[in-house]
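In the UniProt record's numbering, the protein residues as written are 1 to 515.
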Amino acid sequence: MAVKNLSTRVAIIGRGAKCRGGSSAVDKSAYISRTTMYSEYDGTTYYPKYTEDLVHNEVMLPVNAPAEYSDPSVLWNSVEMRESKSAKAQLARSYKINLPNEWSYELAIEVMRDYVKRNFVDDGMCAQFAIHDSENPNTHQRNLHCHIMLTMRPILEDGSWGDKQKKIYALDADGNKIRKKNGQYKCTTQDVTGWNSRENARKWRKDLADTINAVNDKNGLRENFWEHRSFAEQGLDTIPQIHLGEKASALERAGIQTERGNVNRRIMEQNKAILTAKMLVAKAEEQLQKLVNSKPVEAVRNTANEVLDMIRAVVGKKGRLELPVIKSKYLRKISQRQALQEQERMERFVVVNQIESFEQLQEFKEQREPAYEKLSAERQQIAEQIARLEQLLVAYSEYEPYIVYHKTSNSLKGFAKRKYDKEHETELREYDSYRAKLKKMLSSDEKITPKKWTAEKAKLEGRLQESNPDYARVVTELASTEVIEHNRKMLAMTREAEQNQRSQIHSRNKNEQLL
């Protein structure tokens with residue numbers, strides 16, 4: 001197992017030149033969401049630099065936040081208008097995270113939604129997160145990553161912005177404020193929220209690594225162990241690599257062999273989405289490999305049809321097929337997305353399935369979709385049952401350590417019982433609390449049966465596992481149709497643009513001849 005050092009970048013967005021996250025929260029939001037936004041503060045319309053790599057964009061709000069803040073433009077304009085024009089004004093916190101490229105889009109969305117909620121929104125922050133999947137044009141290495149923007153002011157009960165800091169006045173022996181020579185009172189400032197503490201930053205980083213490791217472990221991805229500690233904290237005499245830029249590949253693996261640490265395996269235990277977004281790494285790759293082995297290369301290349309012609313035309317222009325990152329129902333379920341960019345594999349997909357025209361491609365898609373819908377519904381139902389059993393087992397694991405105190409108390413009488421109950425008052429109170437929590441999760445006729453829950457959960461997981469090959473096959477097939485359809489549209493747009501450019505050049509040359 002190799003150690004992969006967690007790559008995160010935290011920066012402050014503020015009015016001053018020293019703020020490394022930029023000077024406008026609206027500009028940053030437009031950038032990560034790949035949408036055009038207007039800033040009420042500076043009167044500028046911000047246009048995104050890229051648009052093709054957006055996987056997901058979402059705003060998450062604490063309970064006190066106004067509902068209109070779910071629109072990122074409203075949220076960040078409100079933030080900017082609330083702050084002063086001072087060069088010291090801090091607007092928001094920016095957080096960039098590299099994610100495992102092996103993750104499907106669906107899995108990345110669910111994991112990051114859970115992470116953002118637990119670490120930021122539940123603590124009172126408004127958060128916007130956006131997931132991108134960019135590609136290095138030279139190496140074709142994909143870079144799945146997440147941008148997070150966080151507010152720095154608390155939201156009060158009435159929905160208004162609160163203060164970041166409060167003044168603590170120094171008092172004399174009589175309890176009076178101490179006045180300084182300039183007439184002002186002597187005081188210090190204290191952070192109201194605690195969000196700026198280094199301890200919080202370490203906690204967020206560690207929780208992210210624990211979350212990634214727990215999710216990877218649950219999905220059978222044990223090649224890398226993600227390490228949250230810096231090289232110095234690990235005691236390594238290593239200089240970290242510099243950030244390679246938004247279009248560059250992910251950081252190289254450290255290559256240091258180590259024992260798997262104890263990661264928090266319960267972080268994602270209650271998240272049913274992980275079950276329905278099972279990575280399908282091996283199974284999807286298996287389906288693609290079958291295409292590779294199905295026919296000789298020359299047999300594929302010598303087969304002429306309009307779909308193959310389109311694939312070859314795109315590869316001739318760009319070297320490989322493009323992925324429909326923004327609009328993809330099925331591709332987002334695949335972890336080995338880059339395999340669907342390879343000419344050889346996609347040509348074999350077309351030939352093996354006897355697709356000779358785009359009309360036949362559409363028919364193929366329509367034939368496969370009912371099978372997908374049926375399998376997807378069945379897996380969702382199983383996943384929900386497993387998720388409930390996991391919740392019950394987690395609740396029981398909290399309750400179980402205190403059962404012995406309850407049994408011992410019930411076995412005693414008189415003075416011995418009173419003495420024992422007093423000595424173990426906390427444990428007995430915890431027993432009542434955790435038992436009540438567990439019973440609340442059960443219906444009136446259900447009993448506490450952890451062995452039965454464990455057996456039932458294992459049986460359901462077996463059923464889910466059995467459905468993986470069929471599910472992987474149909475998802476891979478439908479994702480392949482999405483990639484082909486997307487590249488057909490992109491090629492048509494490219495050809496139209498080229499034709500328009502040729503027409504403009506021809507018209508310009510003709511006008512010059514007339515002159």
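Virtual Cβ for every residue (Gly too), placed ideally from N, Cα, C.
Keep in mind the model is a prediction, meaning the values are calculated, not measured.
Distance from the CA atom of L99 to the CA atom of R368, rounded to whole angstroms, is 31 Å.
In this structure, K96 is the residue among Y372, R435, G175, K96 with its C-alpha nearest to the C-alpha of L150. With a threshold of 16 other beta carbon atoms within 10 Å, N511 falls short and is exposed. Here E347 is buried: its Cβ has 16 or more other Cβ atoms, across all protein chains shown, within 10 Å.
Bridge partners of L150 according to DSSP: R93, A127.
Among the bridge pairs identified by DSSP, A11 is matched with S94. Excluding residues up to 5 positions away in sequence, E322 lie with their Cβ nearer than 7 Å to the Cβ of M490 in the same chain. For the pair Y47 and K28, the Cα-to-Cα distance works out to about 10 Å. The same chain holds no residue with a CB closer than 6 Å to that of N182 once the five nearest residues on each side in sequence are set aside. Between the segment 117-130 and the segment 7-26, the count of Cβ pairs shorter than 8 Å is below three; the stretches do not touch. If you draw a straight line from the Cα of K437 to the Cα of G175, it is about 47 Å long. Judged by their CB atoms, I386 and L331 are not nearer to each other than the 8 Å cut-off.
Sequence-distant Cβ neighbours of S73 in its own chain, meaning closer than 6 Å and more than five residues away, are M37. Non-local C-beta neighbours of E344 in its own chain, meaning closer than 6 Å and more than five positions away in sequence, are absent.
Residue burial is scored here from C-beta neighbours: I355 has at least 16 other C-beta atoms within 10 angstroms and is therefore classed as buried. Under the three-state reduction of DSSP, K177 is assigned to strand.
Around the CB of T44, fewer than 16 other CB atoms lie within 10 Å, so the residue is classed as exposed. Closest option to V63, judged by alpha-carbon separation, among D158, G21, R142, A92: D158. According to the DSSP secondary-structure assignment, V394 is paired through a beta bridge with no residue.
S86 and S197 have their C-alpha atoms roughly 23 Å apart. Secondary structure of E58 (DSSP, three-state): strand.
Of the candidates S376, Q499, E68, E306, the residue whose Cα lies closest to the Cα of Q360 is E306. Nearest to I131 by alpha-carbon distance, out of Y405, H56, Y69, N101, is H56.
The alpha carbon of L61 has as its nearest neighbour, out of K88, L107, N119, the alpha carbon of N119. Contact between the segment 434-454 and the segment 390-405 is present: three or more C-beta pairs spanning the two stretches fall below 8 Å. Rounded to whole angstroms, the Cβ separation of D53 and S134 is 4 Å, and the two are in contact under 8 Å.
Separation of A377 and R463 (C-alpha to C-alpha, rounded to the nearest whole angstrom) is 13 Å. A direct Cα-Cα distance of roughly 13 Å separates Y405 from R435.
Check the Cα spacing between K317 and each of W204, E83, E498: the tightest is with E498. K164 and I148 have their C-alpha atoms some 20 Å from each other.
By the beta-carbon neighbour count (other beta carbons within 10 angstroms, threshold 16), L478 is buried. Here H145 is buried: its Cβ has 16 or more other Cβ atoms, across all protein chains shown, within 10 Å.
Between the beta-carbon of K186 and that of A173 there is about 14 Å, and that puts the pair past the 8 Å contact cut.
Using a Cβ distance threshold of 8 Å, N101 and E40 do not count as a contacting pair.
The beta carbon of T193 sits closer than 6 Å to the beta carbons of P154 from its chain, once the five residues preceding and following it are set aside; these are given in chain order. For the set Q128, Q90, Y115, the Cα lying nearest the Cα of S70 is the one of Q128.
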